[in-house]
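The next block holds one structure in the form of structure tokens; read it before the comments.
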Amino acid sequence: MGIHKESLPIESSNNLSIEVFLNILQNPILKKFIYFADRQCSKCSRTYLQAAMESLSGVISGPRTLTCSLFTDILNIILRLGSTTFGIDKETVRSSLKTPYVRKGLVNVLEGIGRYGVTRPQRLAAPFLVVWNFTNACNLKCKHCYQRADKHSSDELSTTEAKSIIDQLDDLNVSSIAFSGGEPLMREDFFEVAEYAAKRGLYVSVATNGTMLTENNVERLKESKISYVEISLDSSKPSLHDSFRGVRGSFNRTVEGIKNTVKAGLFTGVATVLTRENLYEIHEIIELTKNIGVGRIIVFNFIPTGRGKEIVDIDLYPEQRENLLKYLYKELSSGSIEALSTAPQYARVCIQQSLANGQSMTAPTHFAAMDLPRKTKQLAEFLGGCGVGRLYCAIQPNGLVTPCVFMPIVIGDLRKQSLREIWSTSTVLRDLSDREMLKGRCGRCLYKYICGGCRARAYAYHGDYLAPDPGCIREQEEPSMSFSLQNMSKDLISYGKVGEVHL
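So in the numbering used here the end of the sequence shown lands on 514, straight run, no missing numbers.
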């Protein structure tokens with residue numbers, strides 16, 4: 012469910028801070044410009060922002076109207092300031108803009124700033140990422156399945172309906188779509204729909220259990236222009252993996268599937284859900300992943316929802332999760348593998364560990380890691396850890412919309428409403444996007460803009476998506492004094508040194 016790290020060409024720069032750049036964007040005149048640029052040009056059949064992006068990228072020969080020309084000139088200034096902030100040369104920016112999903116992402120961010128202003132963390136005008144549970148059908152019986160996947164549901168969206176939703180995503184400037192399930196490859200029209208999404212300019216990824224990744228299916232993934240394949244692997248031991256997955260022999264088929272995608276040159280990641288049953292073999296899982304040639308591993312938070320409710324007793328203790336995240340950072344900073352996690356606390360741990368060790372690597376979101384000296388905290392507060400309600404949402408097999416695949420709260424129905432309407436009017440999404448709404452320890456936490464806690468875990472354990480995340484080690488603490496922002500760096504360093512990185 013991630014973006015290829017090579018599509019984020021960021022180098023270090025000290026010329027302009029992110030804070031100064033965001034303050035420039037917050038200028039009332041510029042904010043009004045961005046807000047107005049979201050309107051459609053009568054001659055371009057695009058919004059002014061879209062037309063300006065295409066003009067600057069060279070996709071179109073030039074602005075078609077005087078108004079488009081004005082917006083192109085102003086957008087060029089914004090992008091030049093942004094490239095200075097992040098240390099990206101102009102040619103790299105221009106080259107990146109040729110990629111449709113990059114243009115969509117930038118338009119989305121700017122529209123979000125025009126609509127909501129600069130927020131901590133930033134709220135977007137539309138989801139950056141949509142995770143689509145494409146079917147309830149699955150050939151495995153995983154103990155921790157949030158979907159209770161089994162057979163095709165009778166009310167699943169038709170191929171025509173699915174393509175219509177993709178048209179909506181394109182119209183909203185959604186950058187990335189991640190097909191999940193169930194097992195998405197069990198739907199006969201998966202390749203057709205995925206290819207349709209890729210042709211509309213979305214970054215397309217698929218989360219699969221890997222057992223159906225034969226050489227023929229992998230070739231079809233390539234032909235469908237799938238950019239990223241994320242394959243679930245819960246153990247380096249066949250017996251334990253098969254026990255989690257509920258089907259004997261699934262380990263061998265999954266490993267073979269991973270090898271097939273790597274051999275075919277597809278960008279491949281391994282996804283692992285860690286509990287107390289497989290926590291202490293994370294080193295072996297990572298080594299197996301490296302040996303196969305996979306460059307990324309994502310450790311997923313265990314969420315006690317779906318079938319996961321039945322194994323809540325093997326959830327990690329907060330101390331175990333904290334040491335796990337420190338261990339992942341050690342792997343990440345070594346440069347041997349891109350070690351990520353869906354636990355939003357990972358953004359905090361990365362900053363703490365980087366400051367404690369004189370480094371600058373951070374993972375402010377679960378789909379990318381970046382090396383930005385002196386800018387890590389600012390970027391982390393902008394991206395904000397948990398992205399539910401701000402950066403992404405989920406679509407169920409029957410078209411119902413939920414904030415997250417792990418959060419079974421229906422906020423809309425795409426058979427009755429547009430995604431634009433759901434995203435802009437949902438009270439649940441509005442609550443989730445506002446960190447000032449958080450309760451308890453999460454609401455008081457010094458890192459609430461960087462992390463925000465896992466809202467799905469809060470909902471699963473407390474029935475309240477604004478409650479504190481019970482999986483965070485800081486939830487066990489009660490501050491004896493209030494911290495000021497001036498104490499941030501001191502606290503980051505000292506807290507990052509607590510405990511050894513061991514499992």
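Here a beta-carbon is modelled for each residue, glycine too, at the ideal position from N, C-alpha and C.
Tell me which residue opens and which closes the beta strand (DSSP E) that residue i is part of.
i    : result
E241 : 239-243
L351 : 349-352
I406 : 403-406
V217 : 214-219
S191 : 187-191
L411 : 411-413
From what residue to what residue does the alpha helix (DSSP H) around residue i run?
i    : result
A282 : Run containing A282: none in the alpha helix (DSSP H); it sits in the beta strand (DSSP E), 278-284.
R134 : Counting along the chain, R134 falls outside any alpha helix (DSSP H), and DSSP gives it neither H nor E.
R307 : Taken as a continuous stretch (DSSP letters only), R307 belongs to no alpha helix (DSSP H), being part of the beta strand (DSSP E) at 307-311.
N144 : N144 -> not in any alpha helix (DSSP H); beta strand (DSSP E) instead, spanning 140-144.
C453 : 451-455
Y5   : For residue 5 there is no data in the structure shown, the boundaries of the chain being 12 and 514.
H252 : 249-256
D182 : 170-182
Y472 : 466-473
L41  : 39-47
P329 : 329-345
Q61  : 59-68
R441 : 438-444
V118 : 111-127
Y357 : 356-367
I85  : 77-97
H294 : 293-303
F32  : 29-36
F262 : 261-274
T222 : That residue, T222, is in no alpha helix (DSSP H); it is neither H nor E in DSSP.
S106 : 101-108
Within this structure, are the beta carbons of residue i and residue j separated by less than 7 Å?
i    : j    : result
Y458 : L140 : no
K115 : N184 : yes
T265 : V273 : no
I314 : R468 : yes
N150 : A160 : no
I303 : T283 : no
G221 : N144 : no
S396 : P329 : Looking at the sequence provided, one finds Gly at residue 396 rather than Ser. The answer is no: Cβ separation not under 7 Å.
D411 : V399 : As written in the sequence, residue 411 is Leu, which differs from the Asp given in the question. For L411 and V399, no; Cβs fall outside 7 Å.
T83  : A63  : yes
E226 : N271 : yes
V281 : L327 : no
A471 : V142 : no
L277 : V217 : no
V118 : L180 : no
E206 : S235 : yes
F44  : I85  : yes
When burial is assigned at 16 or more other CB atoms within 10 Å of the CB, is residue i buried or exposed?
i    : result
P39  : exposed
I353 : As written in the sequence, residue 353 is Thr, which differs from the Ile given in the question. Looking at its Cβ environment, which holds 16 or more other Cβ atoms inside 10 Å, T353 is buried.
Y214 : buried
G464 : buried
S56  : exposed
V31  : exposed
M418 : buried
R332 : buried
M448 : exposed
D424 : exposed
N34  : exposed
E167 : buried
R426 : exposed
Q407 : buried
N498 : In this predicted model, N498 has a pLDDT of only 42, less than 50, meaning its place in the structure is not dependable; the value taken from the coordinates is given anyway. Answer is exposed; the Cβ neighbour count stays below 16.
G317 : buried
D182 : exposed
T438 : exposed
Less than 8 Å between C-beta atoms, sequence neighbours within five positions excluded: which residues of the same chain meet that for residue i?
i    : result
P20  : Note on P20: pLDDT 34, under 50, position unreliable in the model; no value is reported.
K42  : L36, I124, G125, G128
S370 : A quick correction: the sequence has Gln, not Ser, at residue 370. Hits under 8 Å: S344, Q364.
M197 : T146, A148, C149, N150, H163, M223
R50  : T58, Y59
For the ligand GDP, is there a heavy atom less than 6 Å away from the beta-carbon of residue i?
i    : result
A478 : Among the components modelled here there is no ligand, and therefore nothing to report on the ligand GDP.
Kindly list the residues whose CB is nearer than 7 Å to the CB of residue i, restricted to its own chain and excluding five residues on each side of it in sequence; keep chain order.
i    : result
I29  : T96, K386, Q389, L390, F393
R485 : R452, C456
L336 : S352, A354, Q356, Y357, V360
R134 : G123, Y127, R401, S444
So, at 6 Å on beta carbons, what are the nonlocal neighbours of residue i in its own chain, with the 5 sequence-adjacent residues on each side left out?
i    : result
S246 : H252, N289
H155 : V284, G319
R256 : L151, C153
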